[in-house]
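Numbering of the sequence shown is given in the numbering used here, commencing with residue 8 and proceeding in unit increments. The beta-carbon is built from N, C-alpha and C at its ideal position, and this holds for glycine as well. Since the structure is predicted, the reported quantities are computational estimates derived from the model, not experimental observations. The structure appears below as structure tokens.
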Amino acid sequence: MYYDELLETVDDSSFINKSKSTEIGRTTDKKYEKYTIIFNKILKDGKFHKTVTIENYGSGQQGTRIRNAVTGDRYPHLIGSKAEDIYFKVIDSTGRFNRKDPLILFYDTPDQYENHHFTTVSNSVKENWYERCLDSRKKIIK
Numbered sequence: 008m009y010y011d012e013l014l015e016t017v018d019d020s021s022f023i024n025k026s027k028s029t030e031i032g033r034t035t036d037k038k039y040e041k042y043t044i045i046f047n048k049i050l051k052d053g054k055f056h057k058t059v060t061i062e063n064y065g066s067g068q069q070g071t072r073i074r075n076a077v078t079g080d081r082y083p084h085l086i087g088s089k090a091e092d093i094y095f096k097v098i099d100s101t102g103r104f105n106r107k108d109p110l111i112l113f114y115d116t117p118d119q120y121e122n123h124h125f126t127t128v129s130n131s132v133k134e135n136w137y138e139r140c141l142d143s144r145k146k147i148i149k
């Protein structure tokens, strides 16, 4: 009974549309970028794409929480800590949108970066990262 009464008192107009609030957050986020690149290839979906759109969520400076470049989720680990090595780190220094500082991007794996940017990473870079990642995980777990 109490639950039904509570539902009746809720005003739907007081809730913000989640997608709208997310879009508002993106426009005020200085580390968020959305851009289109020329692609001219067939994607995994089997369709030819002239262009693709990429959305990046950059991380801040040393001492701030690491942020996933694809999802925008913030991890408990800090930039500059030993835990940073468990993530695949990419620095975008293109200066896109008149950005003066490089955009630091963190991915869970090199494969996540490849899928996000429609590119490939050499096997030697992947192997080096996997070794460094395993060493760092062992040190963190201790």
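Beta-bridge partners assigned by DSSP to Tyr42: Ile61. At a Cβ-Cβ threshold of 8 Å, Ile93 and Thr71 do not count as neighbours. Looking at the backbone, the Cα of Ala90 and that of Tyr120 are separated by about 18 Å. Around Arg103, the same chain offers Glu40 and Tyr42 as residues with beta carbons nearer than 7 Å, after the five sequence neighbours per side are excluded.
Among the bridge pairs identified by DSSP, Ile98 is matched with Ile111. Here the C-alpha atom of Ser129 lies approximately 31 Å from the C-alpha atom of Lys37. DSSP places Leu141 inside the alpha helix (DSSP H), whose first and last residues are Asn130 to Ile148.
Following the DSSP letters along the chain, one finds Asn122 inside the alpha helix (DSSP H) bounded by residues Pro117 to His124. Straight across, the Cα-Cα distance linking Glu62 with Val77 is about 7 Å. Sequence-distant partners of Asp142 (beyond 5 residues in either direction) whose C-beta falls short of 8 Å from its own C-beta, in its chain, are Asp92. Per DSSP, Ile93 lies in no beta strand (DSSP E) and is assigned neither H nor E. It is roughly 11 Å from the alpha-carbon of His124 to the alpha-carbon of Val97. DSSP links Ile49 through a beta bridge to Phe55. With distances taken between CA atoms, Ile44 lies nearest to Val59 out of Leu110, Phe55 and Val59.
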